[in-house]
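What follows is one structure encoded as structure tokens, with my remarks underneath.
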Amino acid sequence: VQKMILDVDTGIDDAMAIAYAVADPEVELIGILSSFGNIESDRAAQNALKILHLVGADDVPVFIGHQNPLDHNYQRIGVNSQIHGENGIGEVELPNPTQPVATQDGVNFLLTAAQEYGDQLTVVATGPMTNLAAAWEQDPATMKKIGNITIMGGALTVPGNVTPVAEANVEQDPVAANQLFTSDLNVTMVGLDVTLRTLLTKHETSQWRTTEAGSKMADIVDFYIDVYADLYPELGGCSLHDPLAVGVAIDPNFVTTIDMNMMVTTEHDAYYARTIGDKARLNDPNPNVKVAVAVDKDRYLQVFMDHFKQLFN
Ligand code: BDR
Ligand code: CA
Numbered sequence: 003v004q005k006m007i008l009d010v011d012t013g014i015d016d017a018m019a020i021a022y023a024v025a026d027p028e029v030e031l032i033g034i035l036s037s038f039g040n041i042e043s044d045r046a047a048q049n050a051l052k053i054l055h056l057v058g059a060d061d062v063p064v065f066i067g068h069q070n071p072l073d074h075n076y077q078r079i080g081v082n083s084q085i086h087g088e089n090g091i092g093e094v095e096l097p098n099p100t101q102p103v104a105t106q107d108g109v110n111f112l113l114t115a116a117q118e119y120g121d122q123l124t125v126v127a128t129g130p131m132t133n134l135a136a137a138w139e140q141d142p143a144t145m146k147k148i149g150n151i152t153i154m155g156g157a158l159t160v161p162g163n164v165t166p167v168a169e170a171n172v173e174q175d176p177v178a179a180n181q182l183f184t185s186d187l188n189v190t191m192v193g194l195d196v197t198l199r200t201l202l203t204k205h206e207t208s209q210w211r212t213t214e215a216g217s218k219m220a221d222i223v224d225f226y227i228d229v230y231a232d233l234y235p236e237l238g239g240c241s242l243h244d245p246l247a248v249g250v251a252i253d254p255n256f257v258t259t260i261d262m263n264m265m266v267t268t269e270h271d272a273y274y275a276r277t278i279g280d281k282a283r284l285n286d287p288n289p290n291v292k293v294a295v296a297v298d299k300d301r302y303l304q305v306f307m308d309h310f311k312q313l314f315n
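Counting along the sequence shown from 1, when you hit position 258 you're at 260 in UniProt numbering, and nothing is skipped either side.
Given below as structure tokens:
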């Protein structure tokens, strides 16, 4: 069983990522930290608590992480309401959680856990990489102990979803993403290359409507499916961005990866927030990033649905 920490900007697909981790028998979810992006960090934490409550995992602590990108000269707008709804979870009202947000700072919690569990710990970030970069800045040696760092973010072989070159989580804090990629940490990048190929439709969400909690989750995800139908009619469903990253962290065989040294372009030009191979480290024999470029989407969807059926039956 892997000890796992999720770093989320909850967010509809972040909500699915939390549910997936709770349902997976291979995972012990030891905590969640929040970041900003789909919604502000403190509201992302509240949403995480509500989703945990919905899936009966009230005992998992939730910590507030960074509220702003590392590059303080360039503040982002707080809410991505067009895609995730004004409340981040598809305008669906959920019952209030029974536990409050934890008082310890999110980055401190991450470093304490890394110290305690070392290579038994898996960290999956499905929002901007600000907390990971800040933790690495603060204590690189402790971050190096973590067994597995998997991120949802970036795009290598396909266009971005914010600009032609930029994916949203990287675009929220390109400085942080670049710091992570150019650090000596081993990172698995689950980007749009694979998440745009891993889709969910109302055919699947309708199968959760057997319980009240399942119906709430289906309402949340159906909002996302409708948004995707408007914005990306060619896909035929919504992307399972964040839950795929959790799946890959548990079972790397869901994807095919290539080993690369990656960087992020941080100049404010047309290439802002692009994830690309680092020319300066082309001949490095030990590249530190595994970039997922192909996915066994049928097997993943099967496992995803098995997990959700277990939660909502
Ligand atoms: C990523 O951006 C966010 O909107 C989603 O939650 C996901 O993490 C996809 O680019
Ligand atoms: Ca997210």
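Even glycine gets a Cβ: it sits at the ideal position worked out from N, Cα and C.
Which of the three DSSP states is assigned to Asn110 in this structure? helix
Which one of Leu112, Ala46 and Ile53 has the shortest CA to CA distance from Ala23? Ile53
Is Glu42 near ligand 4, in the sense that its beta carbon is under 7 Å from a heavy atom of that ligand? You won't find ligand 4 in this model; what it holds is ligand 1 and ligand 2.
Quick check: what's the CA-CA separation for Tyr230 versus Leu202? Rounded to whole angstroms, Tyr230 to Leu202 spans 10 Å at the Cα level.
Kindly indicate which three-state DSSP category Ser43 falls into: helix, strand or coil? helix
Have a look at Ser37 and Lys146 and give me their C-alpha separation to the nearest angstrom. Rounded to whole angstroms, Ser37 to Lys146 spans 21 Å at the Cα level.
Within 8 Å, strictly: CB atoms of Ile227 and Glu28: no
Pick out whichever of Leu51, Pro254 and His243 has its Cα sitting closest to the Cα of Ala127. His243
Look at the alpha carbon of Phe310 and the alpha carbon of Leu56, and state the distance between them as a whole number of angstroms. 12 Å
Measuring straight from C-alpha to C-alpha, what distance separates Leu35 and His68? 9 Å
At a cut of 8 Å, does the segment 103-113 reach the segment 234-243 through at least three beta carbon pairs? no
On the criterion of 16 or more Cβ atoms from any shown chain inside 10 Å, does Pro287 qualify as buried, or is it exposed? exposed
C-alpha gap between Thr258 and Ala143, whole angstroms: 29 Å
Would you mind stating whether Ala19 and Leu313 have Cβ atoms separated by less than 8 Å? no
Going by DSSP in three states, Arg283 sits in which element: helix, strand or coil? In this structure, Arg283 counts as helix in the three-state DSSP scheme.
Inter-residue Cα distance where the pair is Asn70 and Glu169: 17 Å
Identify which residue in Ala25, Gly13, Ile14 and Ile41 has its Cα closest to the Cα of Met6. Of Ala25, Gly13, Ile14 and Ile41, the residue nearest in Cα terms is Ala25.
Could you name each continuous beta strand (DSSP E) segment of 3 residues or more that falls completely within the segment 200-271, going from the start of the chain to the end? Counting whole runs of 3 or more residues, the segment 200-271 contains the beta strand (DSSP E) stretches 257-262 and 264-266.
Which same chain residues, not among the five before or five after Ala157, have their C-beta less than 7 Å away from its C-beta? Excluding sequence neighbours, Ala157 sits near Glu169, Gly193, Leu194, Asp195 and Thr277.
In three-state terms, what does DSSP make of Ser36? strand
Could you spell out where the beta strand (DSSP E) holding Val189 opens and where it closes? Val189 to Val192
Alpha-carbon spacing of Pro254 relative to Ile32, whole angstroms: C-alpha separation (whole angstroms): 21 Å.
Please check the pair Gln101 and Leu51, which I expect to be a contact at CB under 8 Å, by giving their CB distance rounded to whole angstroms. Yes, Gln101 and Leu51 are in contact; Cβ-Cβ is about 7 Å, under 8 Å.
If you count every other CB in all the chains shown that lies within 10 Å of the CB of Thr213, and 16 or more means buried, which is it? exposed
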